[in-house]
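This report refers to the structure that appears directly beneath it.
Protein chains: 4
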Amino acid sequence: MAKSIKTIGVMTSGGDSPGMNAAIRAVVRACAYYGIRCVGFYRGYQGMIEGDYTEMTARSVQNIISKGGTILKSARSEEFRTKKGREKAAAQLKEIEVDAMVLIGGDGTFTGGRIFSKEYEIPVIGVPGTIDNDIAGTNFTIGYDTALNTVVDAIDKIRDTASSHNRLFFVEVMGRDAGFIALNSGVGAGAEEILIPEEDLGLERLLESLKRSKRSGKSSSIVVVSEGDKTGKNVYELADYVTEHLPDYDVRVTVLGHMQRGGKPSCFDRTLASRLCVKAVELLLDGKENLMVGLVNNQVTTSEFDKDFKEGHGINKELLRISDILSV
Amino acid sequence: MAKSIKTIGVMTSGGDSPGMNAAIRAVVRACAYYGIRCVGFYRGYQGMIEGDYTEMTARSVQNIISKGGTILKSARSEEFRTKKGREKAAAQLKEIEVDAMVLIGGDGTFTGGRIFSKEYEIPVIGVPGTIDNDIAGTNFTIGYDTALNTVVDAIDKIRDTASSHNRLFFVEVMGRDAGFIALNSGVGAGAEEILIPEEDLGLERLLESLKRSKRSGKSSSIVVVSEGDKTGKNVYELADYVTEHLPDYDVRVTVLGHMQRGGKPSCFDRTLASRLCVKAVELLLDGKENLMVGLVNNQVTTSEFDKDFKEGHGINKELLRISDILSV
Amino acid sequence: MAKSIKTIGVMTSGGDSPGMNAAIRAVVRACAYYGIRCVGFYRGYQGMIEGDYTEMTARSVQNIISKGGTILKSARSEEFRTKKGREKAAAQLKEIEVDAMVLIGGDGTFTGGRIFSKEYEIPVIGVPGTIDNDIAGTNFTIGYDTALNTVVDAIDKIRDTASSHNRLFFVEVMGRDAGFIALNSGVGAGAEEILIPEEDLGLERLLESLKRSKRSGKSSSIVVVSEGDKTGKNVYELADYVTEHLPDYDVRVTVLGHMQRGGKPSCFDRTLASRLCVKAVELLLDGKENLMVGLVNNQVTTSEFDKDFKEGHGINKELLRISDILSV
Amino acid sequence: MAKSIKTIGVMTSGGDSPGMNAAIRAVVRACAYYGIRCVGFYRGYQGMIEGDYTEMTARSVQNIISKGGTILKSARSEEFRTKKGREKAAAQLKEIEVDAMVLIGGDGTFTGGRIFSKEYEIPVIGVPGTIDNDIAGTNFTIGYDTALNTVVDAIDKIRDTASSHNRLFFVEVMGRDAGFIALNSGVGAGAEEILIPEEDLGLERLLESLKRSKRSGKSSSIVVVSEGDKTGKNVYELADYVTEHLPDYDVRVTVLGHMQRGGKPSCFDRTLASRLCVKAVELLLDGKENLMVGLVNNQVTTSEFDKDFKEGHGINKELLRISDILSV
């Protein structure tokens, strides 16, 4: 990139996650620190298409590090999937004199950004912001740690009432394609069983496990179910199935839903967002482009933007084993 | 009551609520303080029927004041509704030499206790422990304040993501017969609309309100719905109805479910439980019986046990008005 | 008050408390609802003196109900204690065309407001906002409930480590003149002893109580100390005194400090703030003036502004008794 | 190790940390899973010396994964530093038929364990449990993540009141020899300055930074100070120094103290504890000994027990740089 960077744009896109504000703040403050202009686009690619943006200074991001959600709002833009949409966005960037973009979001965001960057030669850096943790090239995505704490906190509450009534609860957590949230929160909450999309343990095994759990004298059982689990049944059907086959169980269902996306970010997510986004700005200023920043082995690293963002970032099978051992 | 009290039994019954452990602790410690024996029955009336109990000393309740749930567990007992069941329970109390009972629960618990007390001349004191706050004779029931904070905390999280995406959320909270939780948490969370069983505002009004809310520039809308709201539609049907009639809204549903029953009790619930249960023991020692303790105007009071426990304890209409004004 | 109210001013003054933002929001939204203008003054009386204010609409207070602190900031104004200072403030109100004021704060705020209101015939309504709960005419002040939860949450954490090490902790909480926070949080946290300014139990009694506590097999002890306790010793001196007289105790001190003023307001404080401030606006519109709004017996009430704001609002001696019984 | 392992002992030692209970649970459950006996010693090495222990089964650790503190209690044992003390401990292990130990604690614990293991040929595995994160061979110690969240949560509250009053706060956090907590929580809380033992930035630089912060229009400033910072001044002296040199600042101090050690462990700490302790048991069963388990690059690893536990585990200088950039 020969052109020197005078203005960096920033946006958040896709499902929002806690820590996105900390990420925005870090981009804005790093720009201020290095003396360049920063503009924030609203609602992800849609705001770029519409030229819906705001000038951002160090003071624009005061006290947002602790806030959930994203002050730039987020959206999925159908229009940006079209050649026409991206053309508009590129024109807007030119008009507003934005030289490079920091894209905060998940793999959908990055896929769009990669195409856009190639078509219009606009340097972009991707920052992984999603609660799902399903992005290759980083050990952790921004928002994942907070979501885990939110889920564990909710299951702790459910455990209180489950134990008081000797009940079995099915708790559905987010993660349509990836079992990261279910697996880690399940281990963290001491769940008796964890059902994830990556592995089909079969309904028979679930019934066996629940029976064993009851025999061993447990006062309650929690089964954490990922949205997209492989049994092919949704959480309510699962509950019905178990009620039918284990009639002496008192079964209940809770779907945690969108509260998993909100809340004050944990220290981990704030620090992660801060480190990744300062790096993103510095990379652009350093003439780098089309990279994703990530945290690997507790170091900020970069990976190619031209990759399958999901490949090779499988769930930790060790954790499934740990879960089996600990629910003895 | 001529007979002097040498042993007091305590149990928790019905839906569990945060603060029940603080209540048990206060009964046990008050007995220890006054030098009398205390036994705890497990699973409410069912434990009385089965003679499933434990001797309790000051140390048995160490560090439970901060714990959710109930260490004595809770249940609804079908058997206790039968003459036969109550007879067994009375025989057990005689066998174990329990002279009087402190009953912690809601109106179902009290109704059973009243019949039992009359049939077998066993002095009982009722302590209102339920998240629903639907008991006449007290301004607050144990667990209600904590449940409100749990709900408001969850809605705050949902608001984060709702605001980031300009969405409309329907959030269903507990309260099959009573709108206390919906109404107070709705005002506390700044909900745009609150639907409760006590008042049918009609679906037309809801649509109007949502349209007005959008016109006024709100970035998100939250509608808090009580389980038993009067529209006759459940929360998913409501969401479908609104989606159909207001197609430019992006509608989502969250059912908060059983997490509302758990969690560490708030300071308010702990103090309330402590005050009510010390009083319960002192009343029994003082020869009183068949009363419910409650908090009225910040003072511990008693009310007759021979009453309709729901009568006259209506929701605060002023709050509905406040909600209308504040969602302007 | 013959003059009709077209503009209401609002400010927060004195020590800030959680729920002040919910209070500001309610004043602003109530004004919007009734179609009158609302202006917010920054930094309490100082902003009135300097004419440092902002026009407030329903949207200015979006999403602040859940935020700690006060967006209008708070301060103690020396200048307002002078005739000259109040004169300037009155001139500013005239200039800005503010017809009446809602004053959110504690007794210092109200004392200043009363003098000002009389001198310049400006209608004011006081809203009790302080964590100290030391205001006559209301059962609860805005922020008190949240502060109690903050304190209890901190003591729960301290209890974890105290129990792990069999330690004795002195925990100092806020309340220079009033023991409300110490007393209620102490009962809520299950403290072994509570020292408050209203009652001098003597150091001898403290030593006796701690010895008894150890004999009874407790694994840890927590003594909650109000800033202004009557022993005449500060918390560090107390710790030294106990260490000297009970050498086999492992004593530690924590001063909770200003975190007690912050944090997300509890549902109770948000609802309280909402109810009191809608009423404050309605009273002014109804021609009332020089009243304080309060919550008594769960109803919004008013009391005269011409009173001793502390008189008759003593701490609950029953709670001290409860604490003694429960720390058995 | 030729001898097969039939019984594993577990203990927690040194300063307690959140997640120690999750660690104990994992040791106990892994033993149950592999069909071997597990005993828990109370108060670390002191319990080993005194033979103060309990048999532990899968049910002994029910519902403790979410609890702060340690059910086995912790202590620092002077007696274990003596040859005589260790001799007693070895005799007790023989008597109780404990074949190997899992030691949960920090570097003091490990140093003692290494000597003991050599003297008496008892296989031990160390598990890093301390909030300080100052152990080489692992990216994270158990309790560190929770402590960071506790600190950030407290500073968020302090920020509320600091912003409301335009104040400067000095917040002292734990970490006598290591600045990990200060540095990471400082970045997470958006602190304006961070003072740590590893680096002496000088008082002049602090004053400059605070002046710049004020000029840039910040409404409040937070300086996070590690217990053992290099300026040679404690936090109160620092505050006095700044008050003297920057008289227009309104300065306050909060010492967070022992609440940093308590509280419910975060999901991260629970999962970390679970993974490390299952591995510890499996290593012993596999004939391995005198290793420390740790998490490196998100994988469970082992490192030699014969090392300097602090060497090479320096703080992340990058974070200091990030902090400078972000407090612009």
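Protein chains in written order, with UniProt numbering: chain Y, 1 to 328; chain H, 1 to 328; chain U, 1 to 328; chain L, 1 to 328.
For glycine and all other residues, C-beta sits at the position ideal for the given N, C-alpha and C.
Asked	Found
Output the residue ranges of the alpha helix (DSSP H) runs that lie fully inside the region 231–276 of chain L and measure 4 residues or longer, sorted by chain position.	235–245
Going by alpha carbons, who is nearest to Ser163 (chain H) out of H:Glu282, H:Arg252, H:Gly186, H:Ile135?	H:Arg252
DSSP three-state call for Gln299 (chain U): helix, strand or coil?	strand
Is the region 173–187 of chain L in contact with the region 233–247 of chain L, if contact means three or more CB pairs nearer than 8 Å?	no
Using a Cβ cut-off of 8 Å, pull out every chain L residue sitting near Asn139 (chain Y), in sequence order please.	Asn297, Asn298
CB Gly68 (chain L) to CB Lys317 (chain L), shorter than 8 Å?	no
I'd like the list of long-range same chain contacts for Asp160 (chain U), defined as Cβ closer than 8 Å, with 5 residues on each side in sequence excluded.	none
Could you check if Ser4 (chain Y) is buried or exposed, using at least 16 other CB atoms within 10 Å of its CB as the buried criterion?	exposed
Can you grab the Cα-Cα spacing for the pair Asp156 (chain H) / Lys211 (chain U), in whole Å?	45 Å
Leaving out five residues before and five after Glu121 (chain Y) in sequence, what residues of the same chain have Cβ atoms less than 8 Å from its Cβ?	none
Within this structure, are the beta carbons of Ile315 (chain Y) and Gly190 (chain Y) separated by less than 8 Å?	no
To which residues of the same chain is Leu285 (chain H) closer than 8 Å at the C-beta, ignoring the five residues directly before and after it?	Ile5, Tyr34, Ile36
Show which residues of chain U have a CB atom less than 7 Å away from the CB atom of Val38 (chain H).	The residue asked about is misnamed: residue 38 (chain H) is Cys in this sequence, not Val. Result: empty, since nearest Cβ-Cβ is about 12 Å, beyond 7 Å.
Tyr53 (chain Y) by DSSP, collapsed to three states: which one?	strand
Does any CB atom of chain L fall closer than 8 Å to the CB of Arg25 (chain U)?	no
Enumerate in chain order the residues of its own chain whose CB-to-CB distance from Val223 (chain U) is below 6 Å, with the five nearest sequence positions on each side excluded.	Phe170, Glu193
Just how far apart, CA to CA, sit Leu206 (chain H) and Arg29 (chain U)?	20 Å
Can you check the region 178–225 of chain H for any alpha helix (DSSP H) of at least 4 residues that lies completely inside it and give the ranges in chain order?	180–188, 203–215
Using a Cβ cut-off of 8 Å (strictly closer), state whether Leu326 (chain H) contacts chain U.	yes
Quick one: what does DSSP say Ala2 (chain L) is sitting in, helix, strand or coil?	At Ala2 (chain L) the pLDDT is 47, less than 50, meaning the model places this residue with poor confidence and gives no usable figure here.
Using the beta-carbon count (16 or more within 10 Å), is residue 400 (chain U) buried or exposed?	The structure shown does not extend to residue 400 (chain U), since chain U is modelled only from 1 through 328, so no value can be given for it.
Which residue's Cα is closest to the Cα of Gly85 (chain Y): Y:Gln46, Y:Glu97, Y:Glu172?	Y:Gln46
Just curious, the alpha helix (DSSP H) that Met20 (chain H) is in, first and last residue?	20–33
Would you decide whether Glu198 (chain H) is buried or exposed? Buried here means 16 or more other CB atoms lie within 10 Å of its CB.	buried
For Cys267 (chain U), which of U:Ile115, U:Phe41, U:Thr146 has the nearest alpha-carbon?	U:Thr146
Where do the ends of the beta strand (DSSP E) carrying Thr130 (chain L) lie?	That residue, Thr130 (chain L), is in no beta strand (DSSP E); it is neither H nor E in DSSP.
Assuming the contact rule is C-beta atoms closer than 8 Å, Pro128 (chain L) and Ile142 (chain L) should be a hit. Round their C-beta distance to whole Å, please.	6 Å
Alpha carbon to alpha carbon, how far is Asn298 (chain Y) from Ser66 (chain Y)? Give it in angstroms, no decimals.	22 Å
Using a Cβ-Cβ cut-off of 7 Å (strictly less than) and excluding sequence neighbours within five positions of Arg270 (chain L), which residues of its own chain qualify?	Gly19, Ala22, Ile65
By DSSP, does Ala91 (chain L) sit in helix, in strand, or in coil?	helix
For Leu272 (chain H) and Asn139 (chain Y), what's the separation of their Cα atoms in angstroms?	46 Å
I think Thr7 (chain U) touches Val39 (chain U), with their Cβ atoms under 8 Å apart; what is that distance to the nearest whole Å?	6 Å
CB-CB under 6 Å to Glu172 (chain Y), same chain, minus the five flanking residues each way: which ones, in chain order?	Val225, Val235, Val255
Which residues does DSSP list as the beta-bridge partners of Gly105 (chain L)?	L:Pro128
The region 148–165 of chain U: which residues have C-beta closer than 9 Å to a C-beta of chain L, in chain order?	Thr150, Asp153, Ala154, Ile155, Asp156, Lys157, Ile158, Arg159, Asp160, Thr161, Ala162, Ser163, Ser164, His165
Nearest-angstrom Cα distance between Leu326 (chain Y) and Thr54 (chain Y)?	51 Å
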